[in-house]
Amino acid sequence: MSEDNKGHTITAQMLPPELNSGFNIGSSMDNNSEIINLCLRDAREVFEKQYLLSQLSRFSGNISKTAQFVGMERSALHRKLKGLGVDKALN
């Protein structure tokens, strides 16, 4: 997008951290090779767990704010976390 960077690809790692929303792109991309070998149900579970842990971290463990952001009721988020085996003590 600038004259001195013609022909260079902009990657997600080059973006400012606030645009990544606390999502660790590197580790997520590394997991793709493992996830691709799972059945849909297991891959979805892995994704949901990683996604929800990332969002919980983003909101400093605040369940209410996390639930609001991801579009779930607080009680449903609690059930989902329990079902995914996520420990409540995330502090």
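Numbering-wise (the numbering used here), the sequence shown opens with residue 30 and increments by one. Backbone N, C-alpha and C fix where the C-beta goes; we use that ideal spot for every residue, glycine too.
Asked	Found
DSSP state of VAL75, grouped into three classes?	helix
Please report the distance separating the alpha-carbon of ALA105 from that of HIS37.	44 Å
Spatial neighbours of ALA96 within its chain, please: C-beta separation below 7 Å, excluding the five flanking residues on both sides.	GLU102, ARG103, LEU106
In or out: LEU81 buried (at least 16 other Cβ within 10 Å) or exposed?	buried
Among the candidates GLY114, ILE39, THR40, whose CA atom is the shortest distance from the CA of SER78?	The amino acid at residue 78 is misidentified as Ser; the sequence shows Lys. The shortest Cα separation from LYS78 among GLY114, ILE39, THR40 belongs to GLY114.
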